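Engineer: Please see the structure below; I have some questions.
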Amino acid sequence: MDTKIVKKQQPKYINPYFGGILLGLLLLAAFFIAGRGLSASGAVKLLVVTVVDKVAPAHAEGNAYYSKFIPADGSSPLYNWLIFGAIGTFFGGMLSGAIFGRLKKLRVEHSPKISARTRLIAAGAGGILFGIGSQFGRGCSSGAALSGTASLSFGGLIVMALMFGIGYVFAWFFRKLWI
Amino acid sequence: MHVHELNPKKTVITMVIFVVVIIAGLLTLTNPRLKYALTPEQTVLLTVSDDGGITPEKLELMLTGSTEKVEIIDIRNHYEFARGHIPGARNISAVELLEKDNIEWLKDLQEKGFTVVIYGKNQMQANGPWMVFRQIGFSNVHVLLGGYQYYLAYKNHETQNYSPCKADFNYAEVAKVSVTSGEDNNQPAKKTTIVRRKKKGGAVAGGC
Amino acid sequence: MGPLIPQEIITGQWDFVIALLIGGAFGFILEASGFSSSRNIAGVFYGYNFVVLRVFFTAMIVAMVGLLYFSYFGWIDLDLVFVLPTYLNSMLFGGFLMGLGFVIGGFCPGTSYTAVAIGKIDGIVFATGFLIGVFLFAEGFPFYEDFYTANDLGNITIGEMFGISNEWIAFLFVVVAIVAFYVTWLIEKRVRKNMTEYKFE
Amino acid sequence: MNKNYLFLAILMILLAAGLLLVPERQNYQQIKPEKLMWDITQTSRFVTVDQVAQMIIEGDPTLELIDIRPAKDFEAFSLTNAINIPLDSLMKPDYQDYLGIEDMNVVFYGNSDIKADQAWVISKRMGYNSIYVMQGGLNCWIRKIIQPVEPEESASQEEFDLYQFRKGACAFFTGTKVEAPDAGKTGIKVVKRKKGTAVAGGC
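Protein sequences, first through last, are from chains U, V, D and Y. So the numbering used here is basically just the index in the first sequence, starting at one, shifted up by 1187. So the numbering used here is basically just the index in the second sequence, starting at one, shifted up by 285. So the numbering used here is basically just the index in the third sequence, starting at one, shifted up by 827. So the numbering used here is basically just the index in the fourth sequence, starting at one, shifted up by 441.
Here is the structure:
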């Protein structure tokens, strides 16, 4: 095989260990500057809280979960570190996609064995499960599993171990989605 | 193996930078000469217990009896020391106490099982240094209750029991009784007459 | 000296700028490592692509070791660093659901944002599903409020839990991670031989 | 496999092993014993009962009196607006919040000044600044403020001024018209240090 073709087929990703070390150093910087790690799910939580608070304020006040995150001083829950972090994540991803040539028109990525529709249903279902799970787990894979374990939290370790463990347990049932 | 995983050059560079930062951190660390042997919590327990104080009576007993090995340190300045001190005392003024030679000497004494008694002109002066010694691990260091002043008084047989931390008055009673006496000179405090005062010499501040 | 914001060394509006920058770097690294593709991520469960494990474990051990060194140097006060509190029951259940969501959906929230950013519809659907999931959880919260806070172990660290020092925990993590890197490399080589359809996107 | 991977793995293991090998260090927030001893030899930590009386009378908002006697004694008598932190509870987290408040000058007092000084030494070690000891303690307070002795006629003008001040202060603290120490206690303005904010001298 011509090496040129091989290179064309290969994606322009960075070395995963390089990415890992960069991510580790970033996490360290986040701990050093902010005293907490990275988070992705917190922003969505605050978004949900804000929307519910706007649409049905009385309902939000009555719910113990929503009211936990509504600032007492009446300011918007959106004015928060987590939201700015998530906005940054979005644009950071966009920048990388632009640099490495992955920023393209809307598309669905799926295994050749399944239709795009199946993939979208699976993605939606996975998202809902992840959404519920992340609230029980006090954070998602970046907040609880990565940052939690890196700061040596026992809870972070549990979430990480279970997340990957259960993934492997159920991987066989959903193999068609991926291979 | 993917192309991008073949040669981790950038990875190595980043990793080496990280390691260099950590080595730099290690090198710039200055190892403290003296370390605390007691935690703050243990120090609190020490202050609450009456451990570590020695009365002049006991000091006399220790000096006359031959069983115990005792060293006495006078932490007042050289001038005060020259004017009179407990026989056998060694003069190390407070600021010199933690000098290297003195720490070596104290370590030596500790190993040989000496009891060390430190005193100042009153108990207050020796109190802090005694606590520092205890906190850095010299559990054989004791403080002379009452200091040199009280020692002299004891020598001249003009003392009662030394109990500096007891209340001399029933404060609530005294404060109330004074209400009546206060009315004699019925003179309301005028803020204009009150001037902020700094600590004056002996006669004003030293009394209690 | 650190952490800077809890100690109010950095104050005011700057912390949101910093949040934006840290988040941006986070998104960049995720995307550049290939996390915007769900097939790359899910590969970890089928042995054809362990990029998730590599990035995740490398980041974890670097941050963990770095954090302990920084604390040792006195550069960061670990007491002020947020240690995720442990609610055993709730976290076990949450981990279970997330594992399931992970293998079905192929993303996690952070990676789905980057997938959205480069125009993947499955990323958008996942993120929407995530939002709905959070909403469903909050709506049902009164039913499992007790479960949510049951078995509260507080801000316990791994070392405290197992009665050994955190330095040892970090060392074990490093060793386990490096063994895992080697083993997964072997597995990946074998699995890829038999795979023809998988191509990167 | 590239040799660089082997190098990386070994480097990472060495780094982690280094964590196990480095000698233990103490909490960097505490000041060094040398510094502690130096601060102890300074007399600037003492405030006189006259200064304390004056600050109370003037209602100095930066004054934070801390009574280190047992709670029982504190109930019976205390200075105006004093906070009770028994010496044996000094290191309890609840009480630690009273120390290190920005712009507050903490003054420890007890029956005499010895126990207060010990509280001062421990707090100083923990890195707190703006802390003081009331010289002579309450015993001195009673002798000088509540029962001032008139100076002899040969005494200097300064001493007479001081005596006048003390008599005024005595009237302030014991007089019925002005607020009594007990009445003041109800209105204690408790400012607690925010959790997790800078311990003095953090960086």
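All C-beta atoms, glycine included, are put in the ideal place defined by N, C-alpha and C. Keep in mind that this is a model prediction, so the values were computed, not measured.
(1) Report the residue from D:Ile983, D:Val1003, D:Glu994 whose alpha carbon sits nearest the alpha carbon of leucine 462 (chain Y).
(2) Taking just the CA atoms, how far does isoleucine 983 (chain D) sit from glutamate 458 (chain V)?
(3) Just how far apart, CA to CA, sit lysine 1363 (chain U) and lysine 444 (chain Y)?
(4) To the nearest whole angstrom, what separates the beta carbons of serine 1321 (chain U) and glycine 921 (chain D), a pair I think is in contact under 8 angstroms?
(5) Can you tell me the Cβ-Cβ gap for glutamate 890 (chain D) and alanine 1337 (chain U), rounded? I've got them flagged as a contact below 8 angstroms.
(6) Can you give me the C-alpha to C-alpha distance between glycine 432 (chain V) and asparagine 552 (chain Y), rounded to a whole angstrom?
(7) State the beta-bridge partners of serine 1340 (chain U) as determined by DSSP.
(8) For phenylalanine 518 (chain Y) and chain V, any beta-carbon pair shorter than 7 angstroms?
(9) Since tyrosine 456 (chain V) sits in a beta bridge, which residues does DSSP pair it with?
(10) Using the beta-carbon count (16 or more within 10 Å), is glutamate 342 (chain V) buried or exposed?
(11) Check the Cβ-Cβ distances between leucine 1213 (chain U) and every residue of chain V, and say whether any is below 7 angstroms.
(12) What residues in the stretch 923-944 of chain D bring their beta carbon closer than 9 angstroms to a beta carbon of chain U?
(13) Do valine 1231 (chain U) and valine 952 (chain D) have their C-beta atoms closer together than 7 angstroms?
(14) To which residues does DSSP link tyrosine 550 (chain Y) through a beta bridge?
(15) So what does DSSP say about alanine 457 (chain Y), is it helix, strand or coil?
(16) Quick check on the DSSP output: the beta strand (DSSP E) that includes leucine 429 (chain V) runs from which residue to which?
(17) Can you give me the start and stop residues for the beta strand (DSSP E) that threonine 400 (chain V) sits inside?
(18) Taking contact to mean at least 3 C-beta pairs separated by less than 8 angstroms, is the stretch 1247-1255 of chain U in contact with the stretch 959-978 of chain D?
(19) Provide the residue span of the alpha helix (DSSP H) that contains valine 1242 (chain U), from first to last.
(20) So, at 6 angstroms on beta carbons, what are the nonlocal neighbours of glycine 338 (chain V) in its own chain, with the 5 sequence-adjacent residues on each side left out?
(21) By the three-class DSSP mapping on this structure, what secondary structure does aspartate 335 (chain V) have?
(22) Under a three-way DSSP split, which group does phenylalanine 518 (chain Y) fall into?
(23) Mind checking which residues open and close the beta strand (DSSP E) that includes arginine 375 (chain V)?
(24) Could you give the DSSP three-state label for tyrosine 573 (chain Y): helix, strand or coil?
(25) How close, in whole Å, do the beta carbons of glutamate 356 (chain V) and methionine 347 (chain V) come, if the pair is a contact with beta carbons under 8 angstroms?
(26) Following the continuous alpha helix (DSSP H) through isoleucine 563 (chain Y), name the residue where it begins and the one where it ends.
(27) Could you tell me the boundaries of the alpha helix (DSSP H) in which valine 779 (chain D) lies?
(28) In angstroms, rounded to a whole number, what distance separates the CA positions of isoleucine 1366 (chain U) and serine 1298 (chain U)?
(29) Please confirm whether isoleucine 454 (chain Y) has its beta-carbon closer than 7 angstroms to some beta-carbon of chain D.
(30) Rounding to the nearest angstrom, what Cα-Cα distance links leucine 520 (chain Y) and valine 493 (chain Y) in this structure?
(31) Is any beta-carbon of chain Y found at less than 7 angstroms from that of asparagine 292 (chain V)?
(32) Would you tell me roughly how many angstroms separate the C-alpha atoms of leucine 460 (chain Y) and valine 306 (chain V), rounded to the nearest one?
(33) Flag this pair as touching only if the stretch 1270-1290 of chain U and the stretch 855-865 of chain D have three or more C-beta atom pairs under 8 angstroms; answer yes or no.
(34) Measuring from the CB of tryptophan 1012 (chain D), is there a heavy atom of the ligand ZN at a distance below 6 angstroms?
(35) Per DSSP, glutamate 356 (chain V) is paired with what?
(36) May I ask you to verify whether the stretch 1010-1020 of chain D touches the stretch 871-882 of chain D, counting CB pairs closer than 8 angstroms and requiring at least 3?
Structural biologist: Taking the coordinates as given:
(1) Answer by Cα proximity: D:Glu994.
(2) Going from the Cα of glutamate 458 (chain V) to the Cα of isoleucine 983 (chain D) covers about 51 angstroms.
(3) Lysine 1363 (chain U) and lysine 444 (chain Y) have their alpha carbons spaced roughly 37 angstroms apart.
(4) Right, the Cβ-Cβ distance comes to about 7 angstroms (below 8 angstroms), so this counts as a contact.
(5) In the sequence on display, residue 890 (chain D) carries alanine and not glutamate. Distance from alanine 890 (chain D) to alanine 1337 (chain U) at the Cβ level is roughly 4 angstroms; contact confirmed, criterion being Cβ atoms closer than 8 angstroms.
(6) Answer to the nearest angstrom: the Cα atoms are 18 angstroms apart.
(7) Looking at the DSSP assignment, serine 1340 (chain U) forms a beta bridge with D:Thr984.
(8) Yes, contact with chain V.
(9) In the DSSP output, where bridge partners are listed per residue, tyrosine 456 (chain V) has none listed.
(10) Glutamate 342 (chain V) should be labelled exposed.
(11) Judged by the 7 angstroms Cβ criterion, leucine 1213 (chain U) is not in contact with chain V.
(12) Taken in chain order, the members of the stretch 923-944 of chain D whose beta-carbon sits within less than 9 angstroms of a beta-carbon on chain U are Phe923, Leu924, Met925, Gly926, Leu927, Gly928, Phe929, Val930, Ile931, Gly932, Gly933, Phe934, Cys935, Pro936, Gly937, Thr938, Ser939, Tyr940, Thr941, Ala942, Val943, Ala944.
(13) At a Cβ-Cβ threshold of 7 angstroms, valine 1231 (chain U) and valine 952 (chain D) do not count as neighbours.
(14) Looking at the DSSP assignment, tyrosine 550 (chain Y) forms a beta bridge with Y:Asp508.
(15) Three-state DSSP puts alanine 457 (chain Y) in a helix.
(16) Counting along the chain, the unbroken beta strand (DSSP E) around leucine 429 (chain V) starts and ends at 426-429.
(17) 400-404 is the extent of the beta strand (DSSP E) around threonine 400 (chain V).
(18) The stretch 1247-1255 of chain U is in contact with the stretch 959-978 of chain D.
(19) Valine 1242 (chain U) -> alpha helix (DSSP H) spans 1228-1242.
(20) Shown here for glycine 338 (chain V): same chain residues with a beta carbon closer than 6 angstroms to its own, the five before and five after excluded, namely Val428, Leu430 in chain order.
(21) Coil at aspartate 335 (chain V), not helix or strand.
(22) Coil at phenylalanine 518 (chain Y), not helix or strand.
(23) Counting along the chain, the beta strand (DSSP E) containing arginine 375 (chain V) begins and ends at 374-376.
(24) Looking at tyrosine 573 (chain Y) - three-state DSSP - the assignment turns out to be strand.
(25) With 8 angstroms as the limit, glutamate 356 (chain V) and methionine 347 (chain V) do not qualify as a contact, their Cβ atoms being about 11 angstroms apart.
(26) Counting along the chain, the alpha helix (DSSP H) containing isoleucine 563 (chain Y) begins and ends at 555-566.
(27) Here chain D covers residues 828 to 1028 and nothing more, so residue 779 (chain D) does not appear.
(28) The C-alpha of isoleucine 1366 (chain U) lies about 6 angstroms from the C-alpha of serine 1298 (chain U).
(29) Yes, because at least one Cβ of chain D sits closer than 7 angstroms to the Cβ of isoleucine 454 (chain Y).
(30) Between leucine 520 (chain Y) and valine 493 (chain Y), the C-alpha separation is close to 10 angstroms.
(31) Contact of asparagine 292 (chain V) with chain Y is assigned, a C-beta pair being separated by under 7 angstroms.
(32) Between leucine 460 (chain Y) and valine 306 (chain V), the C-alpha separation is close to 14 angstroms.
(33) Touching, per the Cβ criterion.
(34) Although the ligand ZN was asked about, the structure shown includes no ligands whatsoever.
(35) Paired residue(s): V:Val401.
(36) Contact between the stretch 1010-1020 of chain D and the stretch 871-882 of chain D is present: 3 or more CB-CB pairs across the two stretches fall below 8 angstroms.
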